[in-house]
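S.K.: One structure follows; several queries about it will come next.
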Amino acid sequence: MNHDKMTAINAQHREPPANSSNNLHLNDVLAQSRRQLIKGSAALCALSFMGVSLIPKARAESAETETTPSPITRLPFEAIPISRADSIQLPEGFSGEAFIPWGTPITGRYPSFLEDASNTAQDQAEQTGMHHDGMHFFPIDAQVGAGKRSDHGLLVVNHEYIDPQLLHPNGPTLSTVGERTNADEVRKEINAHGVSVVEIQRDSRGRWSVLPSTRNRRITGVTPMRIEGPARGHALMQTRYSPSGTTSRGTLNNCASGHTPWGTYLTCEENWAGYFSNQDAEPPREHSRYGIQKTTRYGWETLTGDEFQRFDASQQADSPLKDYRNEPNTFGWVVEIDPFNPDATPIKHTALGRFAHEGIIFAPTEPGQRLVCYSGDDSANEYIYKYVSRNPYRPRSDNSRLLDEGILYVARFNADGTGDWLALDLRDPDFQKACTAKGVQFSDQGEVLINTRLAADVAGATKMDRPEWGAINPISGEVYFTLTNNSARKTADAANPRSPNPYGHIIRWQESSPDYSGTHFNWSIYLLAGPEQEGQIQEQFLQAENILASPDGLWFDPAGRLWIQTDMSGDQLSSGPFGNNQMLVSDPTTGETKRFLVAPIGAEVTGITATPDFRTLFINIQHPGEGSTSKRFTSHWPSGEDKRPRSATLVINRTNNRPLI
Numbered sequence: 009m010n011h012d013k014m015t016a017i018n019a020q021h022r023e024p025p026a027n028s029s030n031n032l033h034l035n036d037v038l039a040q041s042r043r044q045l046i047k048g049s050a051a052l053c054a055l056s057f058m059g060v061s062l063i064p065k066a067r068a069e070s071a072e073t074e075t076t077p078s079p080i081t082r083l084p085f086e087a088i089p090i091s092r093a094d095s096i097q098l099p100e101g102f103s104g105e106a107f108i109p110w111g112t113p114i115t116g117r118y119p120s121f122l123e124d125a126s127n128t129a130q131d132q133a134e135q136t137g138m139h140h141d142g143m144h145f146f147p148i149d150a151q152v153g154a155g156k157r158s159d160h161g162l163l164v165v166n167h168e169y170i171d172p173q174l175l176h177p178n179g180p181t182l183s184t185v186g187e188r189t190n191a192d193e194v195r196k197e198i199n200a201h202g203v204s205v206v207e208i209q210r211d212s213r214g215r216w217s218v219l220p221s222t223r224n225r226r227i228t229g230v231t232p233m234r235i236e237g238p239a240r241g242h243a244l245m246q247t248r249y250s251p252s253g254t255t256s257r258g259t260l261n262n263c264a265s266g267h268t269p270w271g272t273y274l275t276c277e278e279n280w281a282g283y284f285s286n287q288d289a290e291p292p293r294e295h296s297r298y299g300i301q302k303t304t305r306y307g308w309e310t311l312t313g314d315e316f317q318r319f320d321a322s323q324q325a326d327s328p329l330k331d332y333r334n335e336p337n338t339f340g341w342v343v344e345i346d347p348f349n350p351d352a353t354p355i356k357h358t359a360l361g362r363f364a365h366e367g368i369i370f371a372p373t374e375p376g377q378r379l380v381c382y383s384g385d386d387s388a389n390e391y392i393y394k395y396v397s398r399n400p401y402r403p404r405s406d407n408s409r410l411l412d413e414g415i416l417y418v419a420r421f422n423a424d425g426t427g428d429w430l431a432l433d434l435r436d437p438d439f440q441k442a443c444t445a446k447g448v449q450f451s452d453q454g455e456v457l458i459n460t461r462l463a464a465d466v467a468g469a470t471k472m473d474r475p476e477w478g479a480i481n482p483i484s485g486e487v488y489f490t491l492t493n494n495s496a497r498k499t500a501d502a503a504n505p506r507s508p509n510p511y512g513h514i515i516r517w518q519e520s521s522p523d524y525s526g527t528h529f530n531w532s533i534y535l536l537a538g539p540e541q542e543g544q545i546q547e548q549f550l551q552a553e554n555i556l557a558s559p560d561g562l563w564f565d566p567a568g569r570l571w572i573q574t575d576m577s578g579d580q581l582s583s584g585p586f587g588n589n590q591m592l593v594s595d596p597t598t599g600e601t602k603r604f605l606v607a608p609i610g611a612e613v614t615g616i617t618a619t620p621d622f623r624t625l626f627i628n629i630q631h632p633g634e635g636s637t638s639k640r641f642t643s644h645w646p647s648g649e650d651k652r653p654r655s656a657t658l659v660i661n662r663t664n665n666r667p668l669i
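Residues 9 to 669 in the numbering used here are what the sequence shown lists, from first letter to last.
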């Protein structure tokens, strides 16, 4: 791997499309149902204006005992214009400050970040990782209840991937044939992945600081993990490191996240396939369906030693207990971390499926009801999934087991505006028939989940345009998902009048069952991204104050406002009409949408969480200066001058210390 190739791979860290099934694409469904969608979207809007409740039955029945947020009628800030500045842009009356940038010392020896990036691998294991992504704020009192403290808590942050050109003083050291030669550099790269747990506190002036706490922790690409669920101990999970198939090393490419009703953090392994190579003439379906190729993103496998050889998934021995052919099968999962217990071993929950998890969101969880959560597979033409636990949620119980015993479903969006959840379960008669009809065999449920993408192909799921973040409207109960873009689209249609589709859209649906656990839903399009007079939201054209492209991050605040973050790249980011990446706020009742923030040059806006009093908003500014080399920085955020760019968490407050909006 040469320098040019490594730079190119880093600039485009998405995995290549790997879905060759003939399942319907959402594009095909929308072409059949444009009129239905328009009527559905208009009807929802009309009901809202007439005062008809959109709260699902289960939530409406409990309205007397719950404090339900009131629907908003406006967005109380002035929309900001697009920008190409190398700085944070916010509306008047709001301030933003960079916090815990890559390299911030948080544990161990608390080694300081060196501006020339000459910190060692051990230093990096004691500092915040690179490229901040999904995160969540846990109030310090959340370990004994719901958590109400807004001035003290744990901020848990994902670190999606790394940029070797910036991580090292002179970029990665390579041999004349492009192989890695410096083991400490590679260890540093592995340690820059994963998750940071940081205890933070707000002072009387509203300034946040890192506390030197025993709770501070780094989870990296080498941290021991426990495997639970149907794939635990499976033959396809056995490796030289774990002959029993019950443990693994590390978590990688941690994108969006989630948090459980019982106060733990869920980090999601997204584009992990590019870390592994397979030189076999016929790779197994567990590799090929996920896009594992002969070369890797960073070339870690070219170094000698067990810690690096695990990234070569070729068959090199007469038994999987003697090589790492199954190592990729230990990635692609949702990982549970107890943020309050630094000694707790993270858990990979295999019942939630193996794919490029963008994130995970939970439906409203009531005691005595089954747990329901959703996750998207972030790759072109992949699927949206729902998991329903077998047993009900019971406060103060070992609820982690709920993520190991249940049924995983995949979505089919029908042309009439209805949808179905298709069970990926060998006990389900319809799934059994589909497997027989398509000539696909699975030995057991563990193999179904290790091959989740193939199982979804067989079931007949609808191909989607890169499903990313999800969010649930606390007012209506509808589930929203971003479909970021799909450059592979070849045929335009009335609902998606773009060929290809560089802009993306947001879809939403209402579950037919009040507890979200049923198998039917009704769906509509909420937003079609794009420039003025092309993008639409609830039948209104987007204007200068809200044009956007490639919606990615998604979050509802307690009052029912939808926060939308974008992840544009390439020409769309450098020369399109949208400026730098941005964050907008949208009112689902009226469709009013305004641009709230614009990021520095090259950065993605991602990750979002808030304190319970809603006076502090945390978001992540990832990979500012993307495309920089070790000698030429395209951004200098957040330090300015001639400093190297560093991903960081942005702390946003109102200058009058009132709730944000």
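Note that beta-carbon positions come from the ideal geometry of N, C-alpha and C, so glycine has one too.
Kindly indicate the opening and closing residues of the alpha helix (DSSP H) around glutamine 135.
M.R.: Working through the sequence shown from its first residue, we reach residue 135 at position 127. From DSSP, glutamine 135 is part of no alpha helix (DSSP H); its letter is neither H nor E.
S.K.: On a Cα-Cα basis, can you pick out the residue from Leu182, Trp216, Arg188 and Leu83 that is closest to glycine 104?
M.R.: Counting from one through the sequence shown, the residue named residue 104 turns up at place 96. Glycine 104 has its Cα closest to that of Trp216, out of Leu182, Trp216, Arg188 and Leu83.
S.K.: Please state whether DSSP places serine 594 in a helix, a strand or coil.
M.R.: Looking up residue 594 in the sequence shown gives position 586. Strand.
S.K.: Measure the CB-CB distance between glutamate 294 and alanine 359 and report whether it falls below 8 angstroms.
M.R.: The sequence position of residue 294 within the sequence shown is 286, counting from 1. The sequence position of residue 359 within the sequence shown is 351, counting from 1. Against a cut-off of 8 angstroms, the Cβ pair of alanine 359 and glutamate 294 comes out as no contact.
S.K.: Select from Val230, Glu193, His631 and Thr619 the residue whose C-alpha is nearest the C-alpha of isoleucine 672.
M.R.: The structure shown has nothing for residue 672, since the chain only spans 9 to 669.
S.K.: Can you confirm whether the stretch 206-214 touches the stretch 330-341 when touching is taken to mean that 3 or more C-beta pairs between the two stretches lie within less than 8 angstroms?
M.R.: Flag = no, the stretch 330-341 and the stretch 206-214 do not touch.
S.K.: Is the Cβ-Cβ distance between glycine 367 and glutamate 187 less than 8 angstroms?
M.R.: On the sequence shown, position 359 is the one that residue 367 refers to. On the sequence shown, position 179 is the one that residue 187 refers to. No, the pair does not count as a contact, with Cβ atoms beyond the cut-off.
S.K.: Could you check the C-alpha separation between serine 408 and histidine 365 for me, to the nearest Å?
M.R.: Start at 1 with the first residue of the sequence shown, and residue 408 comes out as number 400. Start at 1 with the first residue of the sequence shown, and residue 365 comes out as number 357. Answer to the nearest angstrom: the Cα atoms are 19 angstroms apart.
S.K.: Among Asp650, Arg435 and Pro354, which one has its Cα closest to the Cα of threonine 231?
M.R.: By one-based count along the sequence shown, residue 231 stands at place 223. Comparing Cα positions, the closest option is Pro354.
S.K.: Skipping 5 residues on each side, what residues in its chain have a beta carbon closer than 7 angstroms to that of lysine 330?
M.R.: Here residue 330 refers to the residue found at position 322 of the sequence shown. For lysine 330, where only same-chain residues beyond five positions count, the Cβ hits under 7 angstroms are Arg248.
S.K.: Would you kindly report the start and end of the unbroken alpha helix (DSSP H) that includes glutamine 630?
M.R.: Taking the sequence shown and counting its residues from 1, one reaches residue 630 at position 622. Unbroken run through glutamine 630 is the beta strand (DSSP E), 625-630; no alpha helix (DSSP H).
S.K.: Using the C-alpha atoms, what's the distance from lysine 651 back to tyrosine 524?
M.R.: Locating residue 524 in the sequence shown gives position 516, where the first residue counts as 1. Locating residue 651 in the sequence shown gives position 643, where the first residue counts as 1. Cα to Cα, the separation comes out at about 49 angstroms.
S.K.: Rounded to the nearest angstrom, what separates alanine 445 and phenylalanine 439 at their Cα positions?
M.R.: Here residue 445 refers to the residue found at position 437 when the sequence shown is read from its first residue. Here residue 439 refers to the residue found at position 431 when the sequence shown is read from its first residue. Going by the C-alpha atoms only, they are around 10 angstroms apart.
S.K.: Going by the beta-carbon positions, is the gap between glycine 478 and leucine 562 smaller than 8 angstroms?
M.R.: For this step, residue 478 is matched to residue 470 along the sequence shown. For this step, residue 562 is matched to residue 554 along the sequence shown. Contact: yes.
S.K.: Under a Cβ-count criterion, where at least 16 other Cβ atoms within 10 Å of its own Cβ denotes burial, should valine 343 be classed as buried or exposed?
M.R.: The residue given as residue 343 occupies position 335 in the sequence shown. Buried, since its Cβ has 16 or more Cβ neighbours within 10 Å.
S.K.: Do you know how far the Cα of proline 269 is from the Cα of proline 400?
M.R.: Here residue 400 refers to the residue found at position 392 of the sequence shown. Here residue 269 refers to the residue found at position 261 of the sequence shown. Answer to the nearest angstrom: the Cα atoms are 12 angstroms apart.
S.K.: Around the Cβ of leucine 122, are there at least 16 other Cβ atoms within 10 angstroms (buried) or fewer (exposed)?
M.R.: Indexing the sequence shown from 1 puts residue 122 at position 114. Under this definition leucine 122 is an exposed residue.
S.K.: Can you tell me the Cβ-Cβ gap for isoleucine 170 and methionine 138, rounded? I've got them flagged as a contact below 8 angstroms.
M.R.: Indexing the sequence shown from 1 puts residue 170 at position 162. Indexing the sequence shown from 1 puts residue 138 at position 130. That pair is a contact at about 5 angstroms.
S.K.: If we require 3 or more residues per run, which beta strand (DSSP E) segments fall completely within the stretch 428-511?
M.R.: Within the stretch 428-511, the complete beta strand (DSSP E) runs of at least 3 residues are 475-480 and 487-491.
S.K.: Using the C-alpha atoms, what's the distance from proline 559 back to tryptophan 114?
M.R.: In the sequence shown, counting from the first residue as 1, residue 114 sits at position 106. In the sequence shown, counting from the first residue as 1, residue 559 sits at position 551. Note on residue identity: the sequence assigns isoleucine, not tryptophan, to residue 114. Isoleucine 114 and proline 559: Cα-Cα distance of roughly 32 angstroms.
S.K.: Could you give the distance in angstroms between the alpha-carbon of proline 99 and the alpha-carbon of serine 507?
M.R.: Walking along the sequence shown from the start, residue 99 turns up at place 91. Walking along the sequence shown from the start, residue 507 turns up at place 499. Computed Cα separation, rounded: 34 angstroms.
S.K.: Kindly indicate which three-state DSSP category asparagine 407 falls into: helix, strand or coil?
M.R.: Reading the sequence shown from its first residue, position 399 is the one you call residue 407. Looking at asparagine 407 - three-state DSSP - the assignment turns out to be helix.
S.K.: Is the beta carbon of proline 304 sitting closer than 8 angstroms to the one on glycine 282?
M.R.: Looking up residue 304 in the sequence shown gives position 296. Looking up residue 282 in the sequence shown gives position 274. The question names proline, but residue 304 in the sequence shown is threonine. Closer than 8 angstroms, so yes.
S.K.: Using DSSP's beta-bridge definition, name the partner residues of aspartate 320.
M.R.: By one-based count along the sequence shown, residue 320 stands at place 312. According to DSSP, which records beta bridges pairwise, aspartate 320 is partnered with Ser285.
S.K.: According to DSSP, is histidine 160 part of a helix, a strand, or is it coil?
M.R.: Sequence index remark: in the sequence shown, residue 160 carries index 152 (1-based). Three-state DSSP puts histidine 160 in a strand.
S.K.: Quick check: what's the CA-CA separation for serine 250 versus phenylalanine 284?
M.R.: The residue labelled residue 250 in the question sits at position 242 within the sequence shown. The residue labelled residue 284 in the question sits at position 276 within the sequence shown. Roughly 18 angstroms separates the two Cα atoms.
S.K.: Mind checking whether isoleucine 555 and proline 585 have CB atoms under 8 angstroms apart?
M.R.: Position 547 of the sequence shown, counted from the first residue, corresponds to residue 555. Position 577 of the sequence shown, counted from the first residue, corresponds to residue 585. Yes, Cβ-Cβ distance for isoleucine 555 and proline 585 is below 8 angstroms.
S.K.: For methionine 233, which beta-bridge partners are listed by DSSP?
M.R.: The residue labelled residue 233 in the question sits at position 225 within the sequence shown. Paired residues: Ser256.
S.K.: Check whether the stretch 237-246 touches the stretch 450-463, counting contact only when three or more Cβ pairs, one atom from each stretch, lie closer than 8 angstroms.
M.R.: In short, these stretches touch, since the Cβ pair count reaches three.
S.K.: Which partner residues of proline 147 appear in the DSSP bridge assignment?
M.R.: Position 139 of the sequence shown, counted from the start, is the residue given in the question as residue 147. Proline 147 pairs with Gly161.
S.K.: Which residue from Ile108, Ser158, Ser91 and Asn493 puts its Cα closest to that of phenylalanine 622?
M.R.: Here residue 622 is taken as the residue at index 614 of the sequence shown, counted from 1. Closest option to phenylalanine 622, Cα to Cα, is Ser158.
S.K.: In whole angstroms, what is the alpha-carbon distance linking lysine 394 and leucine 536?
M.R.: Reading the sequence shown from its first residue, position 386 is the one you call residue 394. Reading the sequence shown from its first residue, position 528 is the one you call residue 536. Those two C-alpha atoms are separated by around 24 angstroms.
S.K.: Quick one: Cα of proline 596 to Cα of glycine 468, how far?
M.R.: Position 588 of the sequence shown, counting from 1, holds the residue named residue 596. Position 460 of the sequence shown, counting from 1, holds the residue named residue 468. Taking the straight line joining both Cα atoms gives about 31 angstroms.
S.K.: Do you know offhand how far proline 646's Cα is from glutamate 193's?
M.R.: For the purposes of this step, residue 646 is taken as the residue at position 638 of the sequence shown. For the purposes of this step, residue 193 is taken as the residue at position 185 of the sequence shown. Distance between the alpha carbons of proline 646 and glutamate 193: 24 angstroms.
S.K.: Can you give me the start and stop residues for the alpha helix (DSSP H) that serine 397 sits inside?
M.R.: In the sequence shown, counting from the first residue as 1, residue 397 sits at position 389. Segment 392-400 is the beta strand (DSSP E) holding serine 397; no alpha helix (DSSP H) there.
S.K.: Just mark lysine 302 as buried or exposed, buried being the case when its beta carbon has 16 or more other beta carbons within 10 Å.
M.R.: Along the sequence shown, read from residue 1 onward, the residue named residue 302 stands at position 294. Exposed: under 16 other Cβ atoms inside 10 Å.
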